[in-house]
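S.K.: The structure that follows is given in the form of structure tokens.
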Amino acid sequence: MTTQTATFAGGCFWCMVEPFETMAGIEKVRSGYTGGFVANPTYEQVASHQTGHTEAVKVWFDDQQVSYQDLVDLYWQLADPTDAMGQFADRGDSYRPVIFVADEQQRQVAEASKQTLATSGRFTDPIVTSIEDAKPFYDAEEEHQQFYKKNPLREYMMMMPRKAYQKKYWSDRT
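The sequence shown begins at 82 in this note's numbering and counts up by one.
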């Protein structure tokens with residue numbers, strides 16, 4: 082077994098944990114902040130849009146059970162790749178869609194996947210999700226971890242726009 086990590090930003094991190102966490106081969110998923118210029122930011126700092134961070138999830142996975150490609154494929158179903166300044170009801174740079182790559186192999190997979198999606202005809206608008214080098218990842222406060230288990234009703238309500246997106250663009254895959 083070889084543990085690898087992957088980091089994805091696609092709107093509110095609360096809504097991104099469960100889909101990854103319930104996938105076979107996933108060892109751990111943490112909500113946090115990355116891509117900014119302030120060390121150890123708090124939720125309030127990131128929400129103020131003053132730190133350059135985006136909410137993200139870091140995924141630890143067993144690459145013998147699940148591939149990085151599988152994770153990227155799931156990511157496209159979770160984050161609207163045509164909306165550069167937020168996701169669904171969450172607006173601003175701290176909610177922008179980004180695939181943060183850990184190495185050249187991840188970059189190649191992510192870039193090829195993005196190109197395939199762009200030419201698939203699935204979307205009429207351009208694919209604007211960024212692919213960037215991984216930066217320091219700071220765990221969010223504990224109340225933000227596994228939000229879907231702690232606040233299932235609120236999670237359900239927050240997931241409604243994402244479910245509508247999935248139905249519109251991914252109903253053939255979900």
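The beta carbon of each residue, even a glycine, is placed where N, CA and C say it ideally should be.
Alpha carbon to alpha carbon, what distance is there between E125 and G173?
M.R.: In the sequence shown, counting from the first residue as 1, residue 173 sits at position 92. In the sequence shown, counting from the first residue as 1, residue 125 sits at position 44. Each residue's Cα considered, the two are about 14 Å apart.
S.K.: Sort out for me which residues DSSP pairs V138 with in a bridge.
M.R.: For the purposes of this step, residue 138 is taken as the residue at position 57 of the sequence shown. Note: V138 sits in a beta bridge opposite F89 and S112.
S.K.: Between Q227 and V98, which are expected to be in contact by the criterion C-beta below 8 Å, what is the C-beta distance as a whole number of angstroms?
M.R.: If you number the sequence shown from 1, residue 227 lands on position 146. If you number the sequence shown from 1, residue 98 lands on position 17. Indeed they touch by this definition, with Cβ atoms about 6 Å apart.
S.K.: Are A221 and G117 closer than 9 Å when you measure CB to CB?
M.R.: What you label residue 221 is simply residue 140 of the sequence shown in a count that begins at 1. What you label residue 117 is simply residue 36 of the sequence shown in a count that begins at 1. Not a contact, by the Cβ cut-off of 9 Å.
S.K.: What span of residues does the beta strand (DSSP E) with F218 cover, start to end?
M.R.: Start at 1 with the first residue of the sequence shown, and residue 218 comes out as number 137. F218 to D220 is the extent of the beta strand (DSSP E) around F218.
S.K.: Below 8 Å on the Cβ atoms is my guess for P162 versus F101; work out the distance and round it to an integer in Å.
M.R.: As a working mapping, residue 162 is identified with position 81 in the sequence shown. As a working mapping, residue 101 is identified with position 20 in the sequence shown. Not quite, the Cβ-Cβ distance comes to about 17 Å (not below 8 Å), so this is no contact.
S.K.: Using 8 Å for Cβ pairs, my map puts T115 next to T135. What's the rounded Cβ distance?
M.R.: Residue mapping note: residue 115 aligns to position 34 of the sequence shown, counting from 1. Residue mapping note: residue 135 aligns to position 54 of the sequence shown, counting from 1. Yes, they are in contact, since the Cβ atoms of T115 and T135 sit about 7 Å apart, within 8 Å.
S.K.: Between which two residues does the beta strand (DSSP E) harbouring V147 extend?
M.R.: By 1-based counting over the sequence shown, the position of residue 147 is 66. Careful: V147 lies outside any beta strand (DSSP E) and carries neither H nor E.
S.K.: Any idea what DSSP makes of S201, helix, strand or coil?
M.R.: Here residue 201 corresponds to residue number 120 of the sequence shown, with the count starting at 1. Here S201 sits in coil by DSSP.
S.K.: Quick one: measure Cβ to Cβ for I208 and K195, integer angstroms, because I've assumed they're closer than 8 Å.
M.R.: Taking the first residue of the sequence shown as position 1, residue 208 is located at position 127. Taking the first residue of the sequence shown as position 1, residue 195 is located at position 114. Sure, about 6 Å apart at Cβ, within 8 Å.
S.K.: Tell me I285's beta-bridge partners as DSSP assigns them.
M.R.: Any answer about residue 285 is impossible in this case: the structure gives the chain only from 82 up to 255.
S.K.: What are the boundary residues of the alpha helix (DSSP H) that includes A245?
M.R.: On the sequence shown, residue 245 is found 164 positions in, with the first residue counted as 1. For A245, the enclosing alpha helix (DSSP H) begins and ends at P233 to W251.
S.K.: Within the continuous alpha helix (DSSP H) that includes Q126, where are the two ends?
M.R.: Along the sequence shown, read from residue 1 onward, the residue named residue 126 stands at position 45. First-last of the alpha helix (DSSP H) with Q126: Y124 to A128.
S.K.: Between the Cα of A90 and the Cα atoms of D171, S148 and Q145, which residue gives the shortest distance?
M.R.: The residue labelled residue 90 in the question sits at position 9 within the sequence shown. That would be D171, whose Cα lies nearest to the Cα of A90.
S.K.: Provide the residue(s) that pair with G167 in DSSP beta bridges, ordered along the chain.
M.R.: Numbered from its first residue, the sequence shown carries residue 167 at position 86. Under DSSP, G167 shares a beta bridge with R172.
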